[in-house]
Amino acid sequence: MNLSAFQSHSFRHYLACIAIALHGVWIQRIVVAWLAWDVSGSPAFVGFATFLSFVPTMITGPFFGVIADRIEIRIAIFSNYIAMLLVTLTFILSAYVFGINKISVVFLDGNWNYRIR
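Residue numbers (this note's numbering): 82 to 198.
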């Protein structure tokens, strides 16, 4: 087994960061499912919420893959974080000001969260 990649500081840094990021992704998935269950008490609604978080990636993933290959990766990642900031602000406004259904924010999050990864 060749473990020479672990001698690279950049790879070890990447591995540590991606481990933390993946924990955050799974915490988010659990919280969305738990919130869907808490709101509805229906397993079908939990499945629907999970479906809404993955369907945008399935539909638009190939298109964003082509875009990510053609532009500079730093610009793509920065754009992704700006989009996630807008989703977070949408959630805050919908929760406290407009009273919009929170399941729509799950769809928006699924649309922007996994583009560049």
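Ideal Cβ placement from N, Cα and C applies to all residues, glycine included.
Quick caveat: nothing in here was measured; it's all calculated off a predicted structure.
CB-CB length for A130 against A117, believed under 8 Å
4 Å
With H, G and I counted as helix, E and B as strand and the rest as coil, what does DSSP make of N83?
coil
Could you tell me the alpha carbon to alpha carbon distance between S85 and R93, rounded to whole angstroms?
11 Å
By the three-class DSSP mapping on this structure, what secondary structure does I173 have?
helix
So, with DSSP's three-state summary, where would you put G122?
coil
To the nearest angstrom, report how far apart S121 and F87 are at their CA atoms.
46 Å
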